[in-house]
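Just so it is clear: in the sequence shown, position 272 is 272 by my numbering, and no numbers are missing. Ideal Cβ positions, reconstructed from N, Cα and C, are used throughout, including at glycine. Report on the following structure.
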Amino acid sequence: MRANTIVISGVLVGALAGGCTDPDGEDPAQLAVRGHVVDFASRAELTTTASISAHGLDPAPAVVVDGPRFEISPIPVHSVFHVLAAAPPGHRATYGTVSITDASREGVEVAALSEAYLASLAPAFAVTPSAARGVLLARAVDATGAPRAGVAAASFAVPDGASGPFFLDAQLQPAPAATATSASGWVVFFEVAPGLVGITASPGAAVTLDMAVSPVAPAAATIAAVVVSDGAPALPTNVSFSQQVRPIFMTRGCENCHSGNGAGRDLGNLTLDGSPQLIHRELTEEFALAPGPKRVDLANPEASTVLTMPSAETPPDGHPNITFTGPTDRDYQLILVWIREGARFN
């Protein structure tokens with residue numbers, strides 16, 4: 001099996017890629033994620049039948065469940081999506097983030113939070129959760145996926161209206177007096193508004209935080225990973241189309257879908273496997289839809305469909321998968337800055 005990368009319920013392994021088809025020719029309709037649902041705190045497999053659904057893929061894949069075990073397929077290669085796992089009444093509906101590159105995955109663990117565990121957290125942190133909002137548990141990790149201790153509370157930008165950050169100790173128990181992540185790396189936010197959320201660094205923080213944009217739902221939980229790197233957040237500068245932007249479409253699989261014979265060519269009328277001049281012209285001179293939004297919008301770079309289509313949105317667009325984990329995704333930032341600098345052919 002070829003090496004691949006996956007993120008499951010906030011545990012990061014390796015580096016993320018994205019795109020539409022397999023450059024080695026593996027049939028994307030054959031990719032699957034198979035695994036089982038575990039309790040978040042104990043990591044023990046559940047003994048009850050789980051409810052599993054996948055979000056962020058279009059069309060939605062089939063989900064087969066047998067007790068706590070599941071199979072999700074077909075999944076396009078180089079995809080990011082979200083799994084919602086629940087096992088009422090004991091375990092609350094819990095979102096986890098999954099990324100997969102170019103091979104099926106076996107033995108995946110998806111975590112669900114028990115109602116008893118959540119009930120122990122709220123009073124410890126003097127919080128009264130409402131049914132209209134969700135709870136987010138994010139694990140601070142380094143680039144290798146290892147938990148990152150010592151990330152200060154002031155480093156986390158708190159989602160609008162949310163309470164936190166609160167911290168769990170090394171045994172995943174509430175640590176109300178803690179002012180930074182413990183050896184477990186876990187940070188908790190209560191009363192997070194429904195929608196899409198991504199934890200970033202607060203202004204002036206000495207670290208950069210990168211979390212895949214994830215769904216939050218009323219009375220549900222979300223588990224995610226936050227990659228921590230030293231140094232304040234900084235956007236790239238003097239981005240080169242030929243040296244930095246064009247390679248993104250190759251390394252993240254985009255050109256394999258948006259090729260002369262690919263599905264993306266038919267659906268989006270976009271070709272990314274031609275000459276540099278052709279690719280630049282299709283991005284900068286043509287509309288994604290006629291009339292409609294521009295692939296590259298110099299007046300409003302963030303609205304460029306080359307950024308929005310492969311990203312998570314509410315409501316979701318017609319792109320078959322999510323490629324960029326969010327606005328802190330390094331490749332997203334390279335394309336954004338390239339557009340802000342005039343989308344030059346350089």
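Spatial neighbours of residue 44 within its chain, please: CB distance less than 8 Å, with the 5 preceding and 5 following residues excluded, ordered by chain position.
Contacts found: 38.
Suppose you measure from the CA of residue 195 to the CA of residue 307; what does that come to, to the nearest Å?
So the two alpha carbons sit approximately 19 Å from each other.
Quick check on DSSP: helix, strand or coil for residue 73?
When DSSP states are grouped into helix, strand and coil, residue 73 belongs to the strand group.
Cutoff 7 Å; reference residue 297; Cβ partners in own chain excluding five residues on either side:
Taken in chain order, the residues that qualify are 303 and 304.
Just confirm the distance between the C-beta atoms of residue 49 and residue 65, as a whole number of angstroms; I'd bet it's less than 8 Å.
About 7 Å separates the two Cβ atoms, so the contact holds.
Report the three-state DSSP secondary structure of residue 156 (helix, strand or coil).
Residue 156: strand per DSSP, three-state reduction.
Under the assumption that residue 157 contacts residue 199 (Cβ atoms under 8 Å), give the Cβ distance between them as a whole number of angstroms.
Indeed, because the Cβ distance is near 7 Å, the residues count as touching under 8 Å.
Relative to the C-alpha of residue 149, which candidate in 161, 164, 132 and 169 has its C-alpha closest?
The shortest CA-to-CA distance from residue 149 to any of 161, 164, 132 and 169 is the one to 169.
Comparing C-alpha positions only, which one of 141, 31, 333 and 238 sits nearest to residue 74?
Nearest to residue 74 by alpha-carbon distance, out of 141, 31, 333 and 238, is 31.
So, residue 223 versus residue 111, is the Cβ gap smaller than 7 Å?
Result yes, Cβ atoms of residue 223 and residue 111 sit closer than 7 Å.
With H, G and I counted as helix, E and B as strand and the rest as coil, what does DSSP make of residue 40?
Coil, per DSSP.
Within 8 Å, do at least three Cβ pairs link the segment 78 to 85 to the segment 99 to 113?
Short answer: they touch.
Out of curiosity, what's the CA-to-CA distance linking residue 329 and residue 234?
Spanning the two alpha carbons is a distance of roughly 12 Å.
So the candidates are 130, 319, 151 and 244; which of them puts its Cα closest to the Cα of residue 217?
Put simply, of 130, 319, 151 and 244 the residue whose alpha carbon is nearest the alpha carbon of residue 217 is 130.
Under the three-state DSSP convention, the category residue 319 falls into:
The answer is coil: DSSP assigns residue 319 none of H, G, I, E or B.
If we count the other Cβ atoms within 10 Å of its Cβ and call it buried at 16 or more, is residue 258 buried or exposed?
Per the 10 Å Cβ criterion, buried.
Buried/exposed call for residue 120, threshold 16 Cβ in 10 Å
It is exposed - the Cβ of residue 120 has fewer than 16 other Cβ atoms within 10 Å.
Which residues in the same chain as residue 24 place their Cβ atom closer than 6 Å to its Cβ, once the five residues preceding and following it in sequence are excluded?
Because residue 24 sits at a pLDDT of 46, beneath the cut-off of 50, its placement in the model cannot be relied upon, and the following sentence gives the value as read from the coordinates. By the criterion of a C-beta distance shorter than 6 Å, residue 24 is surrounded by no residue of its chain, once the five residues flanking it on both sides are discounted.
Could you pull the DSSP bridge partners for residue 147 from this structure?
Its beta-bridge partners are 141.
Those residues which DSSP pairs with residue 113 across a bridge
DSSP, once it has assigned bridges, lists 92 as partnering residue 113.
Euclidean distance between Cα positions of residue 205 and residue 56:
Straight-line Cα distance between these residues: approximately 31 Å.
Can you tell me whether residue 175 is buried or exposed? The criterion is at least 16 other CB atoms within 10 Å of its CB, across all chains shown.
Around the beta carbon of residue 175, a 10 Å sphere encloses 16 or more other beta carbons of the protein chains shown; the residue is thus reported as buried.
Whole-angstrom distance between residue 177 and residue 309, CA atom to CA atom
For residue 309 and residue 177, the distance between alpha carbons rounds to 42 Å.
Proximity below 7 Å, CB of residue 225 to CB of residue 344
For residue 225 and residue 344, no; Cβs fall outside 7 Å.
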